[in-house]
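Heads up: take any position in the sequence shown, counting from 1, add 128, and you land on the numbering used here. Beta carbons are placed, not taken as given, at the ideal position from N, Cα and C, and that holds for glycine. To keep things clear, I will list the structure first and then write my remarks on it.
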Amino acid sequence: MKLETLKYGFDLTGMPLDPLANYWPSTVATSLAQQDWALTEVRSRLDLEAWQAFTDDLPRDPYVNRRWKRMSWLALDELGDVKEMGPCPMAQGGAFNDAESMADRLRYYDPLTPDFLARPDVKAFVRAWARLWNLGANEPILMQITGVRGEALVDPLQGQGIHADGSKALSILVLKRDNVSGADNHLYADKAGTRPLADAILAPGDILHLRDDRLYHSVDSIAQQDPAVPFERFIIIINSRFVDDFQNRILRRHFPDAVLNETR
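As structure tokens, this is what we get:
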């Protein structure tokens, strides 16, 4: 076989058969199976500095003060390639988001830019993420770039507190953390926060995976380390298989052929 491939000027025998096979450490799947969450890094898999540049032109969130955001609905096609599904609002029912400015509302945001979505490392990340969660073709994936910047004290959750996002698969990737004090992440077994599970401070390039239908999470308020310099904290949130009936109804309306995690 090696001699056959060398006839064409390249040797395929040393190449991995599956380029996504080693994207995540084996401990990630093990941790998700045993404790419903896992913490790892992706800075070794992508150009983090290039991704950070896409936070510079984020539009202001029209629903939440002092936040910036873009989001797109993605899916894998039948060949396993990443595709954009088109526009659809974000919808979180009050059972999953009890913040007055966001609960039980349709929220419309500008999409992720074509330059960002065309990046090979973005496509590889989405494919590897979908593989981690065993997603099939045409299952909607919500990918957001969102964050806060400014001065004084800011609640990045804008009143959500300890919460779940309303999906089975959820990951949080920190892109930027500049001049930030606080923003510690916390995981809980209950919404009241009486059964804490883990605490972590995510650095840029760290990613937290969690089974959002089994756990609750929160993040502390943000303040400036240096009061003379504004802070910035931006993250990517990517999730799928929604257990929020409100979001599923809106997805079905916009994507009639999508494969949804129907709860009824």
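Range covered by the alpha helix (DSSP H) that runs through residue i
i    : result
K251 : P248 to L260
V362 : In the sequence as presented, Val is not what sits at residue 362; that position holds Phe. Premise fails: F362 lies in the beta strand (DSSP E), F359 to F370, not in any alpha helix (DSSP H).
Q220 : Segment M218 to Q220 is the beta strand (DSSP E) holding Q220; no alpha helix (DSSP H) there.
When the options are compared against residue i, the one with the closest alpha-carbon
i    : options                   : result
E177 : M213, D238, W201 and F244 : F244
T274 : Y316, Q352 and D184       : D184
S349 : A317, G289, K296 and L388 : G289
L379 : R171, P268 and Y151       : P268
R247 : E206, A181 and D312       : A181
P217 : E390, N389 and N376       : N376
L174 : K251, T158 and R235       : K251
Q272 : P355, P187, A351 and A149 : P187
N367 : T158, I300 and G264       : I300
G208 : S309, V282, S154 and W257 : W257
Y236 : G264, L270, D205 and E206 : L270
L148 : N262, G214, W179 and R233 : N262
Cβ distance (whole Å) where residue i is taken to contact residue j below 8 angstroms
i    : j    : result
V192 : V254 : Not really, about 25 angstroms apart at Cβ, beyond 8 angstroms.
L325 : L315 : 4 angstroms
D373 : G221 : 7 angstroms
A297 : R369 : 5 angstroms
H345 : N313 : 7 angstroms
A311 : V347 : 6 angstroms
Other residues of its chain near residue i: CB distance less than 6 angstroms, five sequence neighbours each side excluded
i    : result
N266 : A203, A386 and V387
R195 : D189 and V276
R339 : D164
H382 : C216
R171 : G333
D354 : N307
D146 : none
Neighbourhood of residue i by C-beta distance below 8 angstroms, restricted to the same chain and skipping five residues each side
i    : result
P242 : none
V156 : A166, T168, L260 and H337
E390 : N376
E212 : S200, W201, L202, P239 and L245
W152 : T168, A256 and L260
Opening and closing residue of the beta strand (DSSP E) in which residue i lies
i    : result
H314 : N313 to Y316
T168 : W165 to E169
H337 : D334 to R339
E212 : V210 to E212
Q375 : Note, Q375: premise wrong, no beta strand (DSSP E); alpha helix (DSSP H) at D373 to H382.
7 angstroms Cβ shell around residue i - same chain, five flanking residues per side excluded
i    : result
L160 : A166, H337 and R339
V371 : G294, S295, K296, D341, N389 and T391
- Item | Segment contact, 8 angstroms Cβ cut-off, at least three pairs: the stretch 330-339 with the stretch 155-171 | yes
- Message: Taking contact to mean 3 or more Cβ pairs, one atom from each stretch, closer than 8 angstroms, check whether the stretch 355-373 and the stretch 304-311 are in contact.
- Response: yes
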